[in-house]
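Written below as structure tokens is the structure these notes are about.
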Amino acid sequence: MAGVTDLVYRRLARRMGCALTYTEFVSAAGVFFNPNKHQPILDIDSDEHPVSVQIFGNDIEQLVFTAQFVERLGADIVDINMGCPVPKVVKSGAGAALLKNPARVGEIIRAVKAAVRIPVTLKTRSGWDKENINVIEVARVAEAEGVAAIALHPRTRSMGHDGTPDWTVIREVKQAVSVPVIGNGGIRSPQDARRMLADTGCDFIMIGSGTIGNLDLIRRTVHYLESEVLLPEWSWPERLQLALEHARENCAYWGEPKGPREMRTLFSGYLKGFQGAAALRQQLNQAETLAAIEASLLPWIKSNALISMT
Ligand SMILES: Cc1cc2nc3c(=O)[nH]c(=O)nc-3n(C[C@H](O)[C@H](O)[C@H](O)COP(=O)(O)O)c2cc1C
Numbered sequence: 415m416a417g418v419t420d421l422v423y424r425r426l427a428r429r430m431g432c433a434l435t436y437t438e439f440v441s442a443a444g445v446f447f448n449p450n451k452h453q454p455i456l457d458i459d460s461d462e463h464p465v466s467v468q469i470f471g472n473d474i475e476q477l478v479f480t481a482q483f484v485e486r487l488g489a490d491i492v493d494i495n496m497g498c499p500v501p502k503v504v505k506s507g508a509g510a511a512l513l514k515n516p517a518r519v520g521e522i523i524r525a526v527k528a529a530v531r532i533p534v535t536l537k538t539r540s541g542w543d544k545e546n547i548n549v550i551e552v553a554r555v556a557e558a559e560g561v562a563a564i565a566l567h568p569r570t571r572s573m574g575h576d577g578t579p580d581w582t583v584i585r586e587v588k589q590a591v592s593v594p595v596i597g598n599g600g601i602r603s604p605q606d607a608r609r610m611l612a613d614t615g616c617d618f619i620m621i622g623s624g625t626i627g628n629l630d631l632i633r634r635t636v637h638y639l640e641s642e643v644l645l646p647e648w649s650w651p652e653r654l655q656l657a658l659e660h661a662r663e664n665c666a667y668w669g670e671p672k673g674p675r676e677m678r679t680l681f682s683g684y685l686k687g688f689q690g691a692a693a694l695r696q697q698l699n700q701a702e703t704l705a706a707i708e709a710s711l712l713p714w715i716k717s718n719a720l721i722s723m724t
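For what it's worth, my numbering labels the leading residue of the sequence shown as 415, then goes sequentially.
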């Protein structure tokens, strides 16, 4: 997820049991024109494997260059984004705009696949809009060109992130192709994950926004899928402790004040449902140093009162 799944986030996700992490999407044009510029978005931990680096673009030369570039960096998988709805991206013919052009999808996958040894995968949506739900056609083209897996977020481009993802489309794609299908969209609980697997027959599940400020969802989901035992949600002190660890790692990686600032959206996730914490939220939103974050969070973590606030 752009702006979210940096190295620190992915490190924590793996610690929670995530089997495969994806980077934020990386512009192929950006890498192609500035290959020597250090982009933190491309930082990968030496022990972060398997990791999928997601790239986006429409220009084949740029996509091929970038796929080879990320392969050299240590990516285990190169994933091509064909689902991003953002106007700036679709205007350039990339992201979800590719759904309008299945022939181009085929050309891109063929070229990228021929250029790298690592698996090439695809992440897409159900179609451009409700009149043009064509992901089955796109999936078949991608499969014919040798894509290794297809991740599907079954909203149309027009829906953006609104409305309910239509999981029946995941089932239809699963039935239409034989490569692994990764179901995505709307998983907010371990039971949702189980339901998506059962209802759609997909091979794997992908969780995005449900993990923002709630990385524990990964731990509980993995445990539930493996054992059918539903772990209780973490207590507030445990949750805030994870928020603090996240902040510490973010500050170590990004420095100050960027690290604390990067935490702001994440803190609002970590504090979701936390009654009476308006003052805490405000302090965290203003914090520019790790010391300020610690000074705000530690009293709450140590306070037994938290336990009754769930
Ligand atoms: C803040 C944010 C950033 C995202 N960035 C990306 C991205 O870079 N690449 C991508 O394939 N999807 C991206 N997505 C979409 C998610 O990967 C996912 O497909 C979508 O949110 C639905 O799944 P979810 O309900 O589990 O979040 C992003 C979503 C959010 C909320």
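Cβ atoms here follow ideal geometry from the backbone N, Cα and C, with glycine treated the same way.
Inset, instruction - Consult DSSP for A416 and reduce its assignment to one of helix, strand or coil. - result: Position 2 of the sequence shown, counted from the first residue, corresponds to residue 416. Here A416 sits in coil by DSSP.
Inset, instruction - Spell out a yes or no on whether the stretch 544 to 557 and the stretch 591 to 598 are touching, meaning 3 or more CB-CB pairs, one atom from each, closer than 8 Å. - result: yes
Legend entry - Range of the contiguous beta strand (DSSP E) that encloses S466: If you number the sequence shown from 1, residue 466 lands on position 52. First-last of the beta strand (DSSP E) with S466: 465 to 470.
Legend entry - A489 beta carbon less than 8 Å from that of G471: One-based indexing of the sequence shown puts residue 471 at position 57. One-based indexing of the sequence shown puts residue 489 at position 75. Taking 8 Å as the Cβ cut-off, G471 and A489 do not qualify as a contacting pair.
Inset, instruction - Answer with buried or exposed for T724, where buried requires no fewer than 16 other C-beta atoms within 10 angstroms of its C-beta. - result: Counting from 1 along the sequence shown, the entry for residue 724 is found at position 310. Confidence at T724 is low in this model, with a pLDDT of 39, below 50, so its placement is unreliable and the value that follows should be read with caution. Label assigned to T724: exposed.
Inset, instruction - Could you please give me the residues that DSSP links to A565 through a beta bridge? - result: Residue mapping note: residue 565 aligns to position 151 of the sequence shown, counting from 1. Looking at the DSSP assignment, A565 forms a beta bridge with K537, I596.
Inset, instruction - Report yes if the C-beta distance between A657 and L704 is below 8 Å; otherwise report no. - result: Numbered from 1 along the sequence shown, position 243 holds the residue referred to as residue 657. Numbered from 1 along the sequence shown, position 290 holds the residue referred to as residue 704. Cβ distance not < 8 Å, so A657 and L704 don't count as in contact.
Inset, instruction - Consider the C-beta atom of G622 and the heavy atoms of ligand 1; say whether any pair is separated by less than 7 Å. - result: Translated into the one-based positions of the sequence shown, residue 622 becomes position 208. The answer is yes for G622.
Inset, instruction - Just confirm the distance between the C-beta atoms of N598 and A562, as a whole number of angstroms; I'd bet it's less than 8 Å. - result: Position 184 of the sequence shown, counted from the start, is the residue given in the question as residue 598. Position 148 of the sequence shown, counted from the start, is the residue given in the question as residue 562. Actually they are not in contact, since the Cβ atoms of N598 and A562 sit about 16 Å apart, beyond 8 Å.
Inset, instruction - Measure the alpha-carbon distance for L644 versus E521 and round it to whole angstroms. - result: If you number the sequence shown from 1, residue 644 lands on position 230. If you number the sequence shown from 1, residue 521 lands on position 107. Distance between the alpha carbons of L644 and E521 is about 45 Å.
Inset, instruction - Find out if the Cβ-Cβ distance for the pair L421, Y667 is shorter than 8 Å. - result: In the sequence shown, counting from the first residue as 1, residue 421 sits at position 7. In the sequence shown, counting from the first residue as 1, residue 667 sits at position 253. Yes, the Cβ-Cβ distance between L421 and Y667 is below 8 Å.
Legend entry - Length of the line joining the Cα atoms of H575 and K544: In the sequence shown, counting from the first residue as 1, residue 575 sits at position 161. In the sequence shown, counting from the first residue as 1, residue 544 sits at position 130. Those two C-alpha atoms are separated by around 14 Å.
Legend entry - C498 CB to nearest heavy atom of ligand 1 below 7 Å: Translated into the one-based positions of the sequence shown, residue 498 becomes position 84. C498 Cβ: within cutoff of ligand 1.
Legend entry - Exposure label - P604; buried when at least 16 CB within 10 Å: Against the sequence shown, residue 604 aligns to sequence position 190. Under this definition P604 is a buried residue.
Legend entry - Classification of Q468 by the beta-carbon crowding that lies within 10 angstroms, buried from 16 upward: Stepping through the sequence shown from its first residue, residue 468 is reached at position 54. So Q468 counts as buried.
Inset, instruction - Could you tell me whether the Cβ atoms of E438 and I458 are closer together than 8 Å? - result: For the purposes of this step, residue 438 is taken as the residue at position 24 of the sequence shown. For the purposes of this step, residue 458 is taken as the residue at position 44 of the sequence shown. Not in contact: E438 and I458 (Cβ atoms no closer than 8 Å).
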